[in-house]
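Enquirer:
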Amino acid sequence: AQSVTQPDIHITVSEGASLELRCNYSYGATPYLFWYVQSPGQGLQLLLKYFSGDTLVQGIKGFEAEFKRSQSSFNLRKPSVHWSDAAEYFCAVYGGSQGNLIFGKGTKLSVKP
Amino acid sequence: DAGVTQSPTHLIKTRGQQVTLRCSPISGHKSVSWYQQVLGQGPQFIFQYYEKEERGRGNFPDRFSARQFPNYSSELNVNALLLGDSALYLCASSLHDRGPSPLHFGNGTRLTVT
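Heads up: the protein sequence lines correspond to chains V and Y, in order.
For what it's worth, the numbering used here labels the leading residue of the first sequence as -10, then goes sequentially.
For what it's worth, the numbering used here labels the leading residue of the second sequence as 65, then goes sequentially.
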């Protein structure tokens, strides 16, 4: 069965530091992968998606993610974190048969001044 | 352009009651999906509707039902509420019903069951 694992429940980084959030997926075919961000009390906003082609995808707000098939990973990165990036981040894979997304449990990002 | 709108934003119900949540998709989007997000978890798929037909259903009991109207808006109904139904209910719309069309989420309805 398809699944998504986000190993880190909570990460704290200093403002201006680099960020990498980990995501591992389990999917038999070529995966369609997404990263969403959720601010407190808000819905989910799409940061970026990978469908095919270049394995390094650029998203909004300066985020990027790299698809590594050999490692079944789709890690999210940002070179320099801003205080406004504090939020919860969800990785998701397209499940296919039901037309739904399968989400990881999320990683909460805190940013220290 | 307006995004996905959901109403109400917050709701408090008692065990055993019934609740209806509403969603209006982005203009032009014909597919609506519902997800349940329990505190500390990622969203879990409940339903997908396209052109008023159910196209997918997650692992939820029959107490959960939904429908889509001709204007593509949607309602999620939950009967015989349990404490465990307390969650953020998210509606999402997309252009297509098949393929990895990105989902656009509303801000959700926070349901508390006491």
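Where is the CB? At the ideal position from N, CA and C, for every residue including glycine.
Here the structure is a predicted model, which means the values were calculated and not measured.
1) For Lys67 (chain V), is the classification buried or exposed, using 16 other Cβ atoms within 10 angstroms of its Cβ as the cut-off for buried?
2) Check each residue of the region 70 to 93 of chain V: if its Cβ is closer than 8 Å to any Cβ of chain Y, include it; give the result in chain order.
3) Lys38 (chain V) versus chain Y: which residues are under 8 Å apart at the beta carbon?
4) Under a three-way DSSP split, which group does Arg58 (chain V) fall into?
5) If you reduce the DSSP assignment to three classes, tell me which class Ser73 (chain V) lands in.
6) Output the distance between the C-alpha atoms of Leu98 (chain V) and Cys12 (chain V), rounded to the nearest integer angstrom.
7) Here's the rule I'm using: 16 or more other beta-carbon atoms within 10 Å means buried, otherwise exposed. How should Glu115 (chain Y) be labelled?
8) Could you tell me whether any Cβ in chain V is nearer than 8 Å to the Cβ of Phe128 (chain Y)?
9) Take the Cβ of Ile91 (chain V) as the centre, count every other Cβ of all protein chains shown within 10 Å, and call the residue buried at 16 or more, exposed below.
10) Does Tyr14 (chain V) have its Cβ less than 8 Å from a Cβ in chain Y?
11) Please name the residue or residues paired with Val(-7) (chain V) in a DSSP beta bridge.
12) Can you tell me whether Lys94 (chain Y) is helix, strand or coil according to DSSP?
13) Thinking C-alpha only, which one of V:Leu37, V:Ser7, V:Gln27, V:Ser61 is nearest Pro20 (chain V)?
14) Which bits of chain Y does Gln47 (chain V) rub up against, with CB to CB less than 8 Å?
15) Which class does Gln94 (chain V) belong to by DSSP, given the choice of helix, strand or coil?
16) Would you check if the distance between the CB atom of Ser28 (chain V) and the CB atom of Ala76 (chain V) is smaller than 8 Å?
17) Hey, quick one: how far does the beta strand (DSSP E) through Gly120 (chain Y) stretch, first residue to last?
18) Confirm, please, whether the CB-CB distance from Gly170 (chain Y) to Gly106 (chain Y) is below 8 Å.
Expert: To lay it out plainly:
1) buried
2) Phe79, Ala81, Tyr83, Gly84, Ser86, Gln87, Gly88, Asn89, Leu90, Ile91, Phe92, Gly93
3) Pro164, Pro166
4) helix
5) helix
6) 14 Å
7) exposed
8) no
9) buried
10) no
11) V:Tyr14
12) coil
13) V:Ser61
14) Going along chain Y, no residue has its Cβ under 8 Å from Gln47 (chain V), so there is no contact; the nearest lies around 15 Å.
15) The amino acid at residue 94 (chain V) is misidentified as Gln; the sequence shows Lys. Coil, per DSSP.
16) yes
17) 117 to 121
18) no
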